[in-house]
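Per the working numbering, residue 1 is the first one in the sequence shown, and the count goes up by one each step.
Below is one structure; the comments refer to it alone.
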Amino acid sequence: MAITPATSARERKISKRELVILMAMLMALQALAIDAMLPALPMIAQDLGVSDENRRQLVVGIFVVFSGLGCLFPGILADRFGRRSVALFALGSYAALALGCALAVDFTQLLVLRALQGLLTSGIIVVPTAIIRDEYEGDRMARLMSLIFAVFITVPIVAPTIGQGILLIAGWRWIFVLLAVIATINASWFFMRMPETLHPEYRQKIQLRPLLSHMADAITRRSAVGYVFGAALVTSGIFGYVNQSQQLVAEHFGAGEAFPLIFGAMAGTMAISSLTNARIVERFGARRVSHTGLFVFIGLSLAQIWFAMGSWQSLAWFFPLMAANMAIIGFLTANFGSIAMQPFAATAGAASSVQAFVRMFGAGIGGVIIGQAYDGTSLPMAISLLVIGLLCLALVLFTERGRLFRRLNLPPTVEQP
Numbered sequence: 001m002a003i004t005p006a007t008s009a010r011e012r013k014i015s016k017r018e019l020v021i022l023m024a025m026l027m028a029l030q031a032l033a034i035d036a037m038l039p040a041l042p043m044i045a046q047d048l049g050v051s052d053e054n055r056r057q058l059v060v061g062i063f064v065v066f067s068g069l070g071c072l073f074p075g076i077l078a079d080r081f082g083r084r085s086v087a088l089f090a091l092g093s094y095a096a097l098a099l100g101c102a103l104a105v106d107f108t109q110l111l112v113l114r115a116l117q118g119l120l121t122s123g124i125i126v127v128p129t130a131i132i133r134d135e136y137e138g139d140r141m142a143r144l145m146s147l148i149f150a151v152f153i154t155v156p157i158v159a160p161t162i163g164q165g166i167l168l169i170a171g172w173r174w175i176f177v178l179l180a181v182i183a184t185i186n187a188s189w190f191f192m193r194m195p196e197t198l199h200p201e202y203r204q205k206i207q208l209r210p211l212l213s214h215m216a217d218a219i220t221r222r223s224a225v226g227y228v229f230g231a232a233l234v235t236s237g238i239f240g241y242v243n244q245s246q247q248l249v250a251e252h253f254g255a256g257e258a259f260p261l262i263f264g265a266m267a268g269t270m271a272i273s274s275l276t277n278a279r280i281v282e283r284f285g286a287r288r289v290s291h292t293g294l295f296v297f298i299g300l301s302l303a304q305i306w307f308a309m310g311s312w313q314s315l316a317w318f319f320p321l322m323a324a325n326m327a328i329i330g331f332l333t334a335n336f337g338s339i340a341m342q343p344f345a346a347t348a349g350a351a352s353s354v355q356a357f358v359r360m361f362g363a364g365i366g367g368v369i370i371g372q373a374y375d376g377t378s379l380p381m382a383i384s385l386l387v388i389g390l391l392c393l394a395l396v397l398f399t400e401r402g403r404l405f406r407r408l409n410l411p412p413t414v415e416q417p
């Protein structure tokens with residue numbers, strides 16, 4: 001059962017606009033924990049005695065991998081105890097462990113704390129998706145997810161600049177202190193304004209066999225499986241780029257201190273595409289938009305390989321091509337996620353959990369592999385994007401039984417039977 005916008009968010013204690021912004025800010029905490037670190041990686045490595053340049057990427061990679069692992073549990077708990085308590089626990093853990101990272105005395109300790117931060121705070125990824133699925137469905141859900149993603153993506157735009165700004169006046173440890181402060185503010189906002197959205201009739205008992213059945217269904221049902229694993233592949237491309245971006249853009253292409261601005265500009269294309277998707281997805285349908293985007297993504301990846309293999313490697317060609325591919329990712333992520341969640345209204349928490357696990361854990365592992373493949377050129381990144389695009393196409397073709405560009409959701413003005 002879907003709640004209409006007129007009766008959603010438990011009789012509108014919170015407006016739709018505030019709901020979008022609040023959900024985006026929760027999810028943005030994860031992006032902030034990743035992207036604000038990027039300018040600080042050389043300083044962290046120097047302070048904590050890390051000589052291997054690729055090893056410093058683990059400050060980001062470990063967090064992402066354990067965020068994926070942690071995603072297995074919050075949705076199960078949210079289906080039983082409600083969305084509010086799980087989200088508030090995640091926010092509290094985020095703040096506490098950010099302060100712990102600020103006090104780390106060696107690199108191994110920092111990695112352990114980052115792993116725990118990812119593991120215990122994954123509710124900020126899972127719960128927002130479950131809340132939106134509680135309230136909306138189909139292309140309308142895709143539209144809301146696009147709006148959330150557009151707000152959320154502003155964090156990667158500004159996060160490296162924030163990190164760089166802190167480094168100009170203080171040490172890298174103060175970046176973690178800032179994370180703790182922002183998490184505390186978000187927790188207070190969520191506590192005061194967000195009602196419980198779990199429908200009483202959907203509350204699930206924690207019984208192992210039904211839970212495993214629900215979770216297995218959410219990642220194996222043919223109508224969802226291609227989009228679940230496709231989203232993981234696309235997200236691994238983002239994390240792979242993030243992991244090696246400081247080395248690739250700041251060092252290989254010589255951007256230096258302009259790196260945060262360039263990184264933010266590329267991320268900005270994802271915000272623009274997400275806003276565009278929010279405007280067009282209910283008209284054309286999530287499938288048509290994402291299938292078109294997938295073919296464009298593959299074409300852009302081929303162009304990146306062509307330029308990366310040439311003797312004219314420069315930021316002048318890398319920037320527009322990478323920015324364009326990131327814009328296409330903005331169309332793919334929200335639509336893939338909403339299509340994958342569509343069949344699971346009664347078990348939205350468990351479905352969101354296991355799908356987020358596949359997406360984040362798979363993307364974390366893939367991102368580390370892509371990042372560690374960095375060889376001082378942009379070629380490994382370009383090849384990785386092409387492989388991702390082709391695998392995504394194969395998965396979508398399997399799920400859609402070879403029939404692309406279908407419109408399965410009727411426009412919102414037409415009543416569905």
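Built from N, CA and C at the ideal position, the CB exists for glycine as well.
This structure is a prediction, so every number in the text was calculated from the model and none was measured.
Judged by DSSP secondary structure, Asn335 falls within the alpha helix (DSSP H) whose first and last residues are Leu315 to Met341. Around the beta-carbon of Thr235, 16 or more other beta-carbon atoms lie within 10 Å, marking it buried.
Beyond the five residues adjoining it in sequence on each side, Ala303 comes within less than 8 Å, by CB distance, of Leu321 in the same chain, given in chain order. Counting the other Cβ atoms within 10 Å of the Cβ of Met266 gives 16 or more, which makes it buried. In the three-state reduction of the DSSP assignment, Ile238 falls in the helix class. With contacts defined as CB atoms closer than 7 Å, Met25 and Val59 fail to qualify as a contacting pair. Between Leu88 and Leu391, the alpha-carbon positions lie close to 37 Å from each other.
Around the beta carbon of Leu212, fewer than 16 other beta carbons sit within 10 angstroms, so the residue counts as exposed. In the three-state scheme derived from DSSP, where H, G and I count as helix and E and B as strand, Gly254 is classed as coil. For secondary structure counted as the alpha helix (DSSP H) over 4 or more consecutive residues, the region 77–128 holds these complete runs in sequence order: 83–102 and 107–120. Each residue's CA atom was taken as its position, placing Asp47 and Ala183 some 26 Å apart.
For Asp47, the enclosing alpha helix (DSSP H) begins and ends at Leu41 to Asp47. In terms of Cβ geometry, Ile272 and Val296 do not form a close pair [threshold 7 Å].
Taken through DSSP and simplified to helix, strand or coil, Gly171 comes out as coil. Using a Cβ-Cβ distance cut-off of 8 Å, the region 188–207 and the region 356–370 are not in contact, since fewer than three pairs of beta carbons, one from each stretch, lie closer than that value. For a cut-off of 8 Å, the C-beta gap from Val281 to Ala78 is around 26 Å, too long to register as a contact. The alpha-carbon of Met341 is positioned some 11 Å away from that of Val354. If you keep only unbroken alpha helix (DSSP H) runs of at least 4 residues inside the region 340–402, you get 348–372 and 379–399.
Around the CB of Met309, fewer than 16 other CB atoms lie within 10 Å, so the residue is classed as exposed. Under the three-state reduction of DSSP output, Ser51 falls in the coil class, being neither helix nor strand. In the DSSP annotation of this structure, the continuous segment of the alpha helix (DSSP H) that includes Gly61 starts and ends at Leu58 to Gly70.
Annotation for Ala115: Ile62 and Phe66 place their beta carbon closer than 6 Å to its own, counting only its chain and skipping 5 residues before and after. A direct Cα-Cα distance of roughly 10 Å separates Gln244 from Glu53. No Cβ-Cβ contact shorter than 7 Å links Ala250 with Phe239. In this structure, DSSP gives Ile14 a state outside helix and strand, which the three-state scheme calls coil. Taking a cut-off of 8 Å on C-beta distances, the region 387–405 does not touch the region 90–101, as fewer than three cross pairs fall below it.
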